Structures are given as structure tokens and as C-alpha cells.
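Worksheet: the structure to be examined is printed underneath.
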Amino acid sequence: MASVLGLLEAREKRVREEIARLREESERVQAALGEAERDLQRLVDARVTVTEVLAGPPSVVTLPMGSAVAGSTVPRRETGMAATALAPDYQRILSVLESEAGREGMRCQQLAVALGLGAILYALGHTAEAIEHLKAMPLPLL
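When you line the sequence shown up against the numbering used here, it's residues 1242 to 1383, in that order.
Shown next, in the form of C-alpha cells:
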């Protein structure tokens, strides 16, 4: 027959192993909980932002364009035509594209940043991200 102390030691060993397993599981659950809480906060922030945007009066974004006129027509190109024949908007775009960075090639986003429109792109990107988060949310049952 096994000794009482031997039985107690065996039982103690099993309980210690169970405690170690539960601690590991607890750490995994805590990490998953933290991630879920961060996801929830991002969704709440997105919902609040979209609600504010939709509730507010329509805002008009004014761009630093000088005396540019919306809907300016581009004159038909002729030999020897100077860039000054273009509307100010187009002159700014042309000057950026003729710069050293522009001659190497630019993506649309780089051109927008060079024209001073980076903040608008940033805001539009966050609004689009917020809308995507809202579309992924399950609809509440009424």
C-alpha cells in the first residue's frame, strides 16, 4: 500500500500542474480580452465620428487655391503656349510636376501632399476607415 505522504505528494504535483495550466490559459484569455477591448474602442470611436459628421451641417472644404475658379476650362494646347495661359490651379499642378520630385514620377497621393492637400486626404481616409468598421458591425435586432 502506498504511503499517505506519497499520495499527498502525487496529488500536490497534479494540483500544481493544473495551476500552471490555468495560469497559461488566463494569460491567453487576458491577451484576447485586451485585443477585443481595443477593437471595441476603435468601433465606438468610428461610430461617434460618423455620427458627428452625419449630424453636422454640410461643411465646405476650402482649398488653398488662390484665385482659382472651380470648373476652369483648359485651353487647347498650341505650339509655344506658356503655362501662364492655364488657370492658377493647373499652373500649381504643372509646377509640382516640373519640379525635381515630379520629374521622377509621382503617385496621386504624393501630388496631393505636394499641393498642400495632405490633410484632406488624411481626413477622407479616416472617414472611409470608420465607415468600413461600421459596415462590419452586426446590426442590432429591434
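In this text, a Cβ means the ideal position worked out from N, Cα and C, and glycines have one as well.
In this text the structure is predicted, and so the values were computed from the model without any measurement.
Check	Outcome
Assigned secondary structure, Thr1320 (DSSP; H/G/I helix, E/B strand, else coil)	coil
Backbone CA spacing between Thr1223 and Arg1279 [nearest angstrom]	Since the first residue of the chain shown is 1242 and the last is 1383, residue 1223 is not available in this structure.
Burial state of Ala1287, where buried means 16 or more other Cβ atoms lie within 10 Å	buried
C-beta atoms of Pro1316 and Ala1326 nearer than 9 Å	yes
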